[in-house]
Amino acid sequence: MTLDEYNEKVSIVQEALKLPKGEIVDCEFYLEREEFIEVFNFYDEALLHHSYYGITPAYVYINNRTTINAFACLKKDGNYFVSLNQGLVLLLIQSFKNNRDIVERSNIRLFEILEPRLDTQINNLMYQTLLHYTFYHELAHLIQNSDLLVSEVGLEENPRQDGFSEQQHVIELDADEFSSLCLGTHILQYSEKIFGEDINKEVLEGLLVLMCIPIILYWTSFSGFEKGLYFERNTHPHPIIRIFIIVSTIVHYCNQSLVQEERKFQLDHKEIIFQSLDITAEMEANVFGRDNVIDFIIRAKENTKEIIDYIDKFEGLRKKNTSLAVNKWNEQVDKRNQG
């Protein structure tokens with residue numbers, strides 16, 4: 343997509359959503375112009391691809407806000423949209439896509455083993471993973487079409503500490519689960535493309551760890567991040583609960599696919615979770631000079647039963663609500679299988 347084509351498309355978005363002047367980022371004046379255009383184009387097509395969920399008309403755009411956030415919204419006139427803050431996109435570009443220190447200074451053995459076999463640099467793969475995770479999470483909110491979606495601000499990704507509702511925790515975890523299913527499809531497609539019939543347990547688990555590492559780092563960058571584990575508090579569930587949901591969902595999805603393909607191995611979700619946390623903690627200290635993930639590890643190991651119990655409670659609530667995104671995903675899978 344050229345700059346002129348981008349400008350033409352975002353002018354349509356601007357008019358359709360009746361956005362104030364300057365709300366959409368003018369990427370012409372950024373060194374990251376090509377990335378902005380590529381991000382917009384990819385997810386614009388992704389929205390069209392998922393229109394069978396009934397989310398039409400739907401739009402995506404990168405807004406001009408400098409904070410780290412993203413949100414989904416349904417306007418009163420019936421227009422759906424996902425918006426990514428330019429501050430978020432810039433953070434991901436600078437912290438991952440353009441940051442080779444992630445690989446070269448981290449001294450992670452897994453990176454040294456996998457990167458020569460991939461078709462892109464590990465830091466770029468992490469960048470793509472975070473964009474996909476964020477977009478598909480917001481897409482899930484559109485698909486849920488909850489009453490929280492219809493408001494001036496919609497549903498934001500950055501957690502706030504101003505209140506708790508069981509409904510919002512349920513839809514946030516459902517959005518994480520839906521995003522995880524989408525990531526699972528990307529991982530399997532990518533592993534098939536790169537490794538073909540040579541794929542094995544160690545390689546696939548290594549790829550999953552690569553996907554989990556940036557997501558863990560991502561959550562610790564939010565202003566609403568708290569080290570201490572909590573359950574029924576704040577607008578979003580605690581990140582350690584969310585990483586359990588994401589990893590478990592991806593692993594379960596991949597294991598189902600491995601059975602269907604008659605592969606002779608299965609993935610271990612606990613091994614992937616704790617390997618991801620251990621490597622992330624080491625990388626965070628060596629590259630970013632932080633130690634937020636250490637608390638993740640301690641809390642996860644000390645409270646595994648409570649975390650699993652909370653997730654089980656969520657799963658029970660989700661299965662009762664047919665409007666949630668994962669249930670609608672399953673309905674689409676059933677339709678395809680029957681067709």
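Anchor point for the sequence shown: position 37 equals 379 in the numbering used here, and the numbering is continuous, going up by one each time.
Every residue gets a Cβ at the ideal spot worked out from N, C-alpha and C, and that includes glycine.
Boundaries of the alpha helix (DSSP H) in which residue i is found, first to last residue
{"i": "residue 466", "result": "464 to 486"}
{"i": "residue 649", "result": "646 to 662"}
{"i": "residue 596", "result": "581 to 602"}
{"i": "residue 573", "result": "Element bounds for residue 573: n/a, residue is neither H nor E."}
{"i": "residue 492", "result": "Taken as a continuous stretch (DSSP letters only), residue 492 belongs to no alpha helix (DSSP H), as it is neither H nor E."}
{"i": "residue 668", "result": "667 to 680"}
{"i": "residue 629", "result": "Counting along the chain, residue 629 falls outside any alpha helix (DSSP H), and DSSP gives it neither H nor E."}
{"i": "residue 444", "result": "443 to 446"}
{"i": "residue 451", "result": "451 to 456"}
Nearest candidate by alpha-carbon position, reference residue i, set the options
{"i": "residue 472", "options": "561, 612, 578, 605", "result": "561"}
{"i": "residue 550", "options": "426, 637, 424, 612", "result": "612"}
{"i": "residue 577", "options": "663, 514, 540", "result": "514"}
{"i": "residue 423", "options": "383, 626, 401", "result": "401"}
{"i": "residue 446", "options": "669, 544, 630, 665", "result": "630"}
{"i": "residue 421", "options": "429, 492, 619", "result": "492"}
{"i": "residue 555", "options": "617, 537, 602, 604", "result": "617"}
{"i": "residue 378", "options": "675, 470, 462, 657", "result": "470"}
{"i": "residue 483", "options": "676, 671, 667, 675", "result": "667"}
{"i": "residue 451", "options": "606, 405, 548, 437", "result": "548"}
{"i": "residue 437", "options": "599, 538, 559, 543", "result": "559"}
{"i": "residue 512", "options": "662, 349, 599, 615", "result": "662"}
{"i": "residue 405", "options": "633, 540, 426, 539", "result": "426"}
{"i": "residue 520", "options": "343, 594, 462, 403", "result": "594"}
{"i": "residue 430", "options": "640, 506, 403, 632", "result": "403"}
{"i": "residue 536", "options": "589, 462, 524", "result": "462"}
{"i": "residue 449", "options": "597, 376, 588, 626", "result": "626"}
{"i": "residue 481", "options": "655, 343, 435, 397", "result": "397"}
Cα-Cα separation, residue i to residue j
{"i": "residue 528", "j": "residue 534", "result": "10 Å"}
{"i": "residue 624", "j": "residue 591", "result": "25 Å"}
{"i": "residue 358", "j": "residue 408", "result": "23 Å"}
{"i": "residue 646", "j": "residue 622", "result": "19 Å"}
{"i": "residue 467", "j": "residue 516", "result": "24 Å"}
{"i": "residue 464", "j": "residue 366", "result": "30 Å"}
{"i": "residue 648", "j": "residue 586", "result": "12 Å"}
{"i": "residue 583", "j": "residue 638", "result": "10 Å"}
{"i": "residue 673", "j": "residue 665", "result": "11 Å"}
{"i": "residue 620", "j": "residue 417", "result": "42 Å"}
{"i": "residue 659", "j": "residue 460", "result": "40 Å"}
{"i": "residue 657", "j": "residue 509", "result": "13 Å"}
{"i": "residue 526", "j": "residue 553", "result": "10 Å"}
{"i": "residue 444", "j": "residue 628", "result": "9 Å"}
{"i": "residue 677", "j": "residue 478", "result": "21 Å"}
{"i": "residue 439", "j": "residue 371", "result": "19 Å"}
{"i": "residue 351", "j": "residue 653", "result": "41 Å"}
{"i": "residue 644", "j": "residue 540", "result": "37 Å"}
{"i": "residue 615", "j": "residue 642", "result": "10 Å"}
{"i": "residue 432", "j": "residue 606", "result": "42 Å"}
{"i": "residue 348", "j": "residue 507", "result": "39 Å"}
Start and end residues, beta strand (DSSP E) containing residue i
{"i": "residue 533", "result": "Where residue 533 is concerned, there is no enclosing beta strand (DSSP E), although the alpha helix (DSSP H) it sits in stretches over 508 to 537."}
{"i": "residue 352", "result": "Looking at the DSSP string, residue 352 is not in any beta strand (DSSP E); the run it does join, the alpha helix (DSSP H), is 345 to 359."}
{"i": "residue 379", "result": "Counting along the chain, residue 379 falls outside any beta strand (DSSP E), though it belongs to the alpha helix (DSSP H) covering 375 to 391."}
{"i": "residue 424", "result": "422 to 427"}
{"i": "residue 416", "result": "412 to 416"}
{"i": "residue 404", "result": "400 to 405"}
Buried or exposed (CB count within 10 angstroms, at least 16 for buried), residue i
{"i": "residue 608", "result": "exposed"}
{"i": "residue 345", "result": "exposed"}
{"i": "residue 394", "result": "exposed"}
{"i": "residue 679", "result": "exposed"}
{"i": "residue 579", "result": "buried"}
{"i": "residue 518", "result": "buried"}
{"i": "residue 670", "result": "buried"}
{"i": "residue 355", "result": "buried"}
{"i": "residue 381", "result": "buried"}
{"i": "residue 546", "result": "buried"}
{"i": "residue 601", "result": "exposed"}
{"i": "residue 650", "result": "exposed"}
{"i": "residue 542", "result": "exposed"}
{"i": "residue 544", "result": "exposed"}
{"i": "residue 588", "result": "buried"}
Does the pairing of the region 387 to 395 with the region 453 to 466 give three or more beta-carbon distances under 8 Å?
no
Mind the definition here: the region 568 to 581 touches the region 475 to 487 only if three or more C-beta pairs lie below 8 Å; say whether that holds.
Proximity of the region 568 to 581 to the region 475 to 487 falls short of the contact definition, fewer than three beta-carbon pairs being nearer than 8 Å.
Would you say the region 411 to 420 touches the region 361 to 380, given that touching needs at least three Cβ pairs under 8 Å?
no
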